[in-house]
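Chemist:
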Amino acid sequence: MKRGKTDAADAEAICEAVRRPTMRFVEIKSEDQQAGLAIHRVRDLAVRQRTQVVNMIRSILREFGHILPTGIEAVSKFAREHGTDDQPGMPEIADGILSVMCHQLNGLNARIDGLTKLIEQHAWLDADARRLMRMPGVGPITASAIVATIGDARQFETARDLAAWLGLTPLNKSSGGKERLGRITKKGDRYIRKLLIVGMTSRALMARNKPEKADTWTAKLLDEKPFRLATVAMAKKSALIIWALLTKREEYRQPIA
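Residue numbers (my numbering): 46 to 302.
#1: Taking contact to mean 3 or more Cβ pairs, one atom from each stretch, closer than 8 Å, check whether the segment 244–254 and the segment 263–280 are in contact.
#2: Determine the direct distance from the alpha carbon of Leu160 to that of Val98, and round the result to whole angstroms.
#3: Please report how far the alpha carbon of Val304 lies from the alpha carbon of Met251, in whole angstroms.
#4: Can you check whether the CB of Ser219 is closer than 9 Å to the CB of Arg225?
#5: CB-CB under 8 Å to Pro215, same chain, minus the five flanking residues each way: which ones, in chain order?
#6: Can the beta-carbon of Leu290 be found closer than 9 Å to that of Tyr297?
#7: If we require 4 or more residues per run, which alpha helix (DSSP H) segments fall completely within the segment 201–238?
#8: Helix, strand or coil, according to DSSP, for Arg95 in the structure here?
#9: Alpha carbon to alpha carbon, how far is Gln94 from Val145? Give it in angstroms, no decimals.
#10: Looking only at C-alpha atoms, which of Arg48, Leu240 and Lys50 sits nearest to Ser189?
#11: Counting along the chain, where does the alpha helix (DSSP H) carrying Asp158 start and finish?
#12: Between the C-alpha atoms of Thr51 and Ile59, what's the straight-line distance to the nearest angstrom?
#13: Mind checking which residues open and close the alpha helix (DSSP H) that includes Lys282?
#14: For the candidate residues Arg103, Gly134 and Leu150, whose alpha-carbon lies nearest to that of Arg125?
#15: State whether the segment 257–270 contacts the segment 199–213, with contact taken as three or more CB pairs (one from each stretch) at a distance under 8 Å.
#16: Could you check where the alpha helix (DSSP H) with Ala198 kicks off and where it finishes?
#17: CA-CA distance, Ala249 and Gly134?
#18: To the nearest whole angstrom, what separates the beta carbons of Gly196 and Glu295, a pair I think is in contact under 8 Å?
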């Protein structure tokens with residue numbers, strides 16, 4: 046690296062990097078992949094906006110002593126029924142603002158449902174996405190996002206390269222012959238990493254509530270490790286399996302034990 050960021054220095058650095066024999070390059074996405082990711086980005090934006098609107102509705106009601114139950118569904122139900130049932134006691138101006146926020150939440154819920162159905166339709170039409178959806182904890186949204194983002198998984202030489210690309214491998218701080226591994230790097234695609242961890246969290250909760258249906262590795266992991274550490278480890282293992290499924294074009298097989 047050279048000091049002073051200028052266009053000439055950047056161009057020189059790019060030319061130098063291209064000549065490096067070990068340089069890795071990002072595979073160019075097709076137009077279909079970009080179109081699929083556009084749906085995911087719009088849906089993710091709508092979900093974040095819904096969270097903001099839900100928090101605003103809760104805060105307005107809390108100012109006047111009205112507390113809604115935990116969860117988005119409770120607020121969504123309140124928004125659907127606002128203006129039809131008995132209204133909470135509050136000034137007319139505040140109730141008018143609350144009506145605006147409820148109308149916005151209803152629109153966001155409808156938009157998210159429509160985008161979710163669109164993603165599911167595209168996922169079922171893709172052979173690789175259908176193959177991934179056979180894995181526990183991987184649904185249409187996760188499978189569609191993985192296929193649209195990764196494309197050809199053979200661009201990764203090993204399964205661990207894919208896990209590292211998703212930021213699911215531990216930080217290596219080894220020195221002086223001593224191996225020190227820290228928490229995961231969190232480098233790479235944040236969206237897919239989040240989807241994998243959320244999916245594995247659902248799978249871990251199911252395994253903890255119904256241990257008779259859990260495989261041996263998952264049950265042992267949940268017994269020996271903290272819950273969040275176990276879900277991240279499950280997400281990493283899922284990334285390794287995803288690489289194998291996409292490169293070898295094989296179907297997912299449930300573990301025997």
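Positions of the beta carbon are idealized from the N, C-alpha and C atoms, including for glycine.
Modeler: This is what the structure gives:
#1: yes
#2: 19 Å
#3: Residue 304 falls outside the range modelled here, since the chain spans only 46 to 302, and no answer is possible.
#4: yes
#5: Leu226, Gly227, Arg228, Ile229 and Thr230
#6: yes
#7: 204–210
#8: helix
#9: 14 Å
#10: Leu240
#11: Glu137 to Leu170
#12: 12 Å
#13: Phe272 to Lys293
#14: Leu150
#15: no
#16: Looking at the DSSP string, Ala198 is not in any alpha helix (DSSP H), and its letter there is neither H nor E.
#17: 42 Å
#18: Actually they do not touch by this definition, with Cβ atoms about 18 Å apart.
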